[in-house]
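Single-structure report; data block below.
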Amino acid sequence: MFNTIDSDASGSISETELINGLREQGYAVTPSEVQQLMSRLDLDKDGDILFDEFATGLLDWKEVGLAMLPFAHLCDWFGNGNVR
Ligand SMILES: [Ca+2]
Ligand SMILES: [Ca+2]
């Protein structure tokens, strides 16, 4: 999965690559959601996610995915113009 997201094979994942990678995985993420993910995965805050950082974050990946589900529903609701 790391190699899939690291589209330029630089050995690290930039914010842009993360956005594109998540969208290819079917996550309709907003920039602010990606920034939350970056801050969570980019442990040394240098703006790129190295493989070690990704592997560490991957342990929480399922939790992150579940945490993002409410955001997805909110986006759908607001997109439909329905506030529940
Ligand atoms: Ca890269
Ligand atoms: Ca980093």
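Numbering-wise, the working numbering comes out as the position in the sequence shown, counting from 1, plus 821.
Cβ atoms here follow ideal geometry from the backbone N, Cα and C, with glycine treated the same way.
In this structure, residue 874 has its CB closer than 7 angstroms to one or more heavy atoms of ligand 2. Looking at 834, 845 and 868, the one whose alpha-carbon comes closest to that of residue 875 is 834. For residue 858, the uninterrupted alpha helix (DSSP H) segment begins and ends at 852-862.
The alpha-carbon of residue 852 is positioned some 8 angstroms away from that of residue 840.
In the structure shown, the three-state DSSP call for residue 867 is coil. With a beta-carbon spacing of about 7 angstroms, residue 877 and residue 864 fall inside the 8 angstroms limit used to define contacts.
Relative to residue 866, the option among 836, 845 and 842 whose CA is nearest is 836.
A check of alpha carbon separations from residue 856 across 826, 830 and 868 identifies 868 as the nearest.
Nearest C-alpha to residue 842 among 850, 822, 826 and 854: 826.
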